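Mapping the sequence shown onto the working numbering, position 554 (from 1) lands on 607, and the numbers just tick up by one.
Backbone N, C-alpha and C define an ideal beta-carbon position, used for all residues, glycine too.
Please read these numbers as outputs of a predicted model, since none were measured by experiment.
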Amino acid sequence: MTGQMILKTDRYSRKDNKHYEGAMTQGNGYMNMRASFEEDLSGERQDERYWRLPANVTLEKIRNPISKWGVYVPGIYGRHPLLGEELVNLPYLPGVNLYCGGERFDMDDSRYEGYEKTLDMRDGVLRRRVCWKTRTGVSVDIVWKRYLSLTFAHCMVQEVVLRSDKDTVIEVENFLDGAVTTNGYDHFVSVETVCENDLEMYLELDSGQHVFLSSRMEIPGVEKGHTYVQGRRIAKRYPVHLQAGKEVTCKKTGIIVTDADEERSAPGASDYAVSDLVERAAQYRDEYARCENGYELHQKEWERRWKDADVEIQGDDQLQFHLRFCIYHLLRAANRSGNVAIDAKGYAGEAYFGHYFWDTEIYLLPFYIYTEPEQAAKLVEYRYRTLEGAKKNARSYGYEGARYPWESCISGEEQCPNWQYADLEIHITADVAYGLLEYCRITGDRQFLKEKGMRILLETARYWMSRARKKDGKWHLEGVMGPDEYLPFTRDSAYTNYMAAYTLKKTAEELSKLTSDEQQALGMREEEPGLYEEMGRNMYFPYDEEAGFIWQSDDFASYEDIDFERVWKDRSVPFGNCISQERNYRCKALKQGDTVMLFYLFRDRFPEAVRRNCIDYYEKITTHDSSLSHIIHSIVYGDLEESEKSYAHAVKSMRIDWEEKGAAEGIHIANAGGLWQGVVCGFGGLSGIYPDGSLRVEPALPEHIRRITYPICVSGKRYLVTVEKDKAEIKERE
Ligand code: BGC
54 MTGQMILKTD RYSRKDNKHY EGAMTQGNGY MNMRASFEED LSGERQDERY
104 WRLPANVTLE KIRNPISKWG VYVPGIYGRH PLLGEELVNL PYLPGVNLYC
154 GGERFDMDDS RYEGYEKTLD MRDGVLRRRV CWKTRTGVSV DIVWKRYLSL
204 TFAHCMVQEV VLRSDKDTVI EVENFLDGAV TTNGYDHFVS VETVCENDLE
254 MYLELDSGQH VFLSSRMEIP GVEKGHTYVQ GRRIAKRYPV HLQAGKEVTC
304 KKTGIIVTDA DEERSAPGAS DYAVSDLVER AAQYRDEYAR CENGYELHQK
354 EWERRWKDAD VEIQGDDQLQ FHLRFCIYHL LRAANRSGNV AIDAKGYAGE
404 AYFGHYFWDT EIYLLPFYIY TEPEQAAKLV EYRYRTLEGA KKNARSYGYE
454 GARYPWESCI SGEEQCPNWQ YADLEIHITA DVAYGLLEYC RITGDRQFLK
504 EKGMRILLET ARYWMSRARK KDGKWHLEGV MGPDEYLPFT RDSAYTNYMA
554 AYTLKKTAEE LSKLTSDEQQ ALGMREEEPG LYEEMGRNMY FPYDEEAGFI
604 WQSDDFASYE DIDFERVWKD RSVPFGNCIS QERNYRCKAL KQGDTVMLFY
654 LFRDRFPEAV RRNCIDYYEK ITTHDSSLSH IIHSIVYGDL EESEKSYAHA
704 VKSMRIDWEE KGAAEGIHIA NAGGLWQGVV CGFGGLSGIY PDGSLRVEPA
754 LPEHIRRITY PICVSGKRYL VTVEKDKAEI KERE
């Protein structure tokens with residue numbers, strides 16, 4: 054791997070701290086941790102309580118403390134009275150305070166030199182170094198290091214290395230802090246603490262789940278520490294006698310286990326016992342302690358993951374760096390041991406409450422399908438697990454079948470606190486079916502399709518049948534919101550209708566392939582395939598044949614034109630913040646790509662002239678207020694050989710999290726998956742697979758990019774694709 058693989062900042066600022074905490078988030082497939090400092094910052098409290106009200110997250114004015122801790126185990130959720138099931142921020146595990154002569158080291162208050170904080174994307178190790186100029190006149194070099202082990206998934210490994218220029222005593226305080234809230238809400242029903250050799254905390258959540266955390270500090274030559282207990286914070290402080298110039302390494306390990314962990318025989322079962330958690334934590338700690346090459350194993354695993362996913366770009370170092378930033382987060386956020394998907398913030402923050410959107414199928418799934426199909430399988434499996442919830446959801450709206458929630462969490466029932474999206478963004482149901490069909494097509498996993506996928510397809514088809522209305526020989530979907538969230542309650546959205554029609558036709562096709570025994574086992578009625586085929590064929594599509602133009606929705610022309618120059622003067626803030634929602638909702642201003650999405654998802658179905666007409670018209674009225682927007686425009690423009698426009702949109706997409714310091718509330722993980730698609734499927738030309746299984750690669754490299762090399766996996770076979778201008782080479786890998 055050549056090129057910049059280190060995320061780095063050497064300036065601490067109160068304004069940007071929260072961004073770096075999010076941007077350098079670590080994860081190992083079991084847990085994720087924001088890259089907050091080890092020590093308390095400026096006395097900043099992490100247990101502030103407030104009501105985060107249902108609001109549009111994109112436009113919400115969020116709170117901006119200097120620091121926001123975040124320790125997340127996917128699948129560990131709480132119940133918020135207004136926001137529904139939400140990912141819970143767990144007690145702060147990496148906490149370490151340092152004291153010298155009564156002064157506590159504080160990035161906001163202490164004197165220091167040579168600050169540097171880095172995250173190495175090759176092995177996920179977070180480092181920080183600083184030389185602390187204490188008030189007692191001692192210079193203390195401090196290096197903090199931590200990583201979440203890929204080999205021992207429950208284990209956080211941490212070090213603090215100290216060296217002073219004079220003999221001195223540094224008090225090293227290991228702490229575990231349960232005084233934390235999630236979006237201002239306290240999800241802990243009970244918190245029990247033990248403060249002996251190890252610090253232990255044991256929680257019951259308002260979801261009924263249980264979590265156990267334990268933390269141990271080991272310092273050579275230091276046996277005893279003082280115990281401090283203050284409310285939900287427990288701490289142990291050790292005096293460390295530093296001799297001038299001599300280094301001391303304090304080692305810390307942190308363990309998290311929960312009763313929802315997969316390795317438990319019956320996750321979340323009522324026979325839950327504290328002892329089970331405690332025993333498992335001890336076992337994991339021992340396993341880690343017995344292993345002599347813990348870091349090497351961890352590093353090897355990272356190396357393997359990068360090998361199957363890394364994309365090399367020759368001729369564009371910026372794009373190369375940003376894409377690797379995205380791939381790093383896609384690799385670390387993939388949930389390897391649990392049974393949920395990847396939330397909208399990539400488990401790096403609390404915005405969107407840890408919920409799952411269409412982002413999963415349309416933006417994230419392709420990356421995993423092509424690089425790590427076993428991970429992709431987990432994402433589609435998640436939708437199967439929540440099928441019962443989706444069926445309940447349909448019933449609650451008065452329909453049959455399964456209606457996937459716009460915002461999904463543990464149960465599969467709707468968690469979106471805003472009625473507009475919850476009620477109207479029904480395209481999610483087609484997106485789920487589309488995603489699983491793509492997964493099965495590219496991985497060749499027919500078994501999943503037969504055993505589970507067919508159930509999803511059948512139930513979602515039943516939903517469309519009861520939701521659509523037939524008029525003059527055509528099927529209509531009224532009262533819907535397409536991907537463009539700035540127009541609610543439209544009629545016959547092109548995107549929604551096309552996606553529903555496509556999945557209905559595919560469902561009919563797949564149902565017809567089943568033997569009658571299989572059809573029976575599925576509970577399929579004889580007439581169903583025919584019904585879905587007819588509905589798919591006769592779904593209304595708002596297409597003006599004469600003009601060669603697709604309307605975003607059948608009623609789109611009736612919305613008011615808006616003078617963007619007058620309304621949107623300050624382009625550094627989202628358009629949505631410059632206009633009232635009422636006015637926005639009746640104007641021709643798009644939040645994100647909508648109809649143009651179809652040209653990417655169905656690359657060979659629409660004539661070039663139609664694609665050009667549409668994108669040229671819609672682009673002018675698209676605000677890109679959603680981070681999901683730019684990259685799709687990039688790919689569609691690339692297909693139209695508009696290289697400059699294509700690249701310009703890719704640049705906007707790549708800058709969102711790192712360069713524009715947009716990660717304070719978490720990573721825009723859909724955009725990360727989008728950028729991968731932009732480079733691999735856009736510039737890199739991976740256009741799909743022919744029915745005979747052969748790969749189709751049609752590069753659309755921008756002028757200055759000489760070569761792109763990317764690994765992919767199709768039907769269980771691994772390939773390395775190298776594209777240059779008008780040239781593509783596909784080699785099999787072992
Ligand atoms: C976008 C949605 C997206 C959601 C979560 C919203 O701002 O409009 O398309 O699913 O964010 O990423």
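query, result
"Sequence ranges, beta strand (DSSP E) only - wholly within the stretch 699 to 777, length at least 3", "739 to 742, 748 to 750, 760 to 767, 770 to 777"
"C-beta contact flag for Lys558 and Gly583 at 8 Å", "no"
"Selected residue, minimal CA-CA separation from Val244, among Tyr612, Asn550, Cys379, Glu253", "Glu253"
"8 Å contact criterion, which Leu229 and Val293 should meet: CB distance rounded", "Incorrect: roughly 19 Å between the Cβ atoms, too far for contact."
"For Val233, three-class secondary structure by DSSP", "coil"
"Proximity of Leu489 and Val433 at Cβ, strictly below 8 Å", "yes"
"Counted within 10 angstroms of its Cβ, other Cβ atoms place Asn64 as buried (16 or more) or exposed", "What sits at residue 64 in the sequence shown is Arg, not Asn. Looking at its Cβ environment, which holds fewer than 16 other Cβ atoms inside 10 Å, Arg64 is exposed."
"Sequence-distant residues of its chain with Cβ nearer than 6 Å to Gln352 (five each side left out)", "Asp176"
"Own chain, CB closer than 7 Å to Lys398, minus 5 neighbours either side, in chain order", "Ala404, Tyr405, Glu718, Gly719, Ile720, Ile722"
"CA nearest to the CA of Arg333, picked from Ser546, Ala206, Ile709, Phe652", "Ala206"
"Under the three-state DSSP convention, the category Gly583 falls into", "helix"
"N-terminal and C-terminal residue of the alpha helix (DSSP H) that Lys360 is part of", "347 to 362"
"Buried/exposed call for Leu135, threshold 16 Cβ in 10 Å", "exposed"
"Tyr405 beta carbon near the ligand BGC (any heavy atom closer than 7 Å)", "yes"
"For Glu224, the three-state DSSP class (helix, strand or coil)", "strand"
"Residues that Ser680 bridges to, as DSSP identifies them", "For Ser680, which the question treats as bridged, DSSP gives no partner whatsoever."
"Three-state secondary structure (DSSP) of Ile59", "strand"
"Cβ neighbours of Gln19 in the same chain (closer than 6 Å, five flanking residues each side left out)", "Residue 19 falls outside the range modelled here, since the chain spans only 54 to 787, and no answer is possible."
"Inter-stretch contact at 8 Å, needing at least 3 Cβ pairs: the stretch 630 to 639 / the stretch 651 to 662", "no"
"For Gly731 and Pro752, believed in contact at Cβ under 8 Å, the rounded distance", "Their Cβ separation, rounded to whole angstroms, is 13 Å, which puts Pro752 and Gly731 out of contact at 8 Å."
"Separation of Ile685 from Ala701, as counted between CA atoms", "12 Å"
"Distance, Ala362 Cα to Lys780 Cα", "21 Å"
"Simplified DSSP state of Ser318, which is helix, strand or coil", "Confidence in Ser318 is poor, its pLDDT being 48 and thus under 50, which makes the residue's placement too unreliable to answer from."
"Own chain, CB closer than 7 Å to Arg548, minus 5 neighbours either side, in chain order", "Note on residue identity: the sequence assigns Tyr, not Arg, to residue 548. Within the same chain, Tyr548 has close Cβ partners His480, Gly535, Pro536, Asp647, Thr648, Met650, Leu651."
"Ser569, DSSP secondary structure in three states", "helix"
"Cβ shell of Asp239 (< 7 Å), same chain only, five flanking positions each side left out", "Arg102"
"Cα-Cα separation, Pro320 to Asp312", "Note on Pro320: pLDDT 48, under 50, position unreliable in the model; the coordinate value appears next. Near 6 Å, if we compare the C-alpha coordinates of Asp312 and Pro320."
"Option nearest Phe378 by Cα separation, candidates Trp621, His133, Ser699, Leu172", "Leu172"
"Expected contact under 8 Å - CB spacing of Gly465 and Thr439 to nearest Å", "3 Å"
"Contacting residues, own chain, Cβ-Cβ under 8 Å from Glu453 (five flanking each side not counted)", "Ala447, Arg515, Tyr516, Met518, Ser519"
"Contacting residues, own chain, Cβ-Cβ under 7 Å from Asp484 (five flanking each side not counted)", "Trp411, Glu414, Ile415, Met552"
"As assigned by DSSP and simplified to three states, the class of Trp472", "helix"
"Proximity to Val310 [Cα-Cα], best of Thr676, Tyr83, Ala600", "Tyr83"
"Residues that Val244 bridges to, as DSSP identifies them", "Leu256"
"For Ser625, the nearest candidate out of Met577, Lys714, Glu580, Asp616 (CA to CA)", "Lys714"
"Cβ pair count under 8 Å reaching 3, the stretch 194 to 211 against the stretch 277 to 290", "no"
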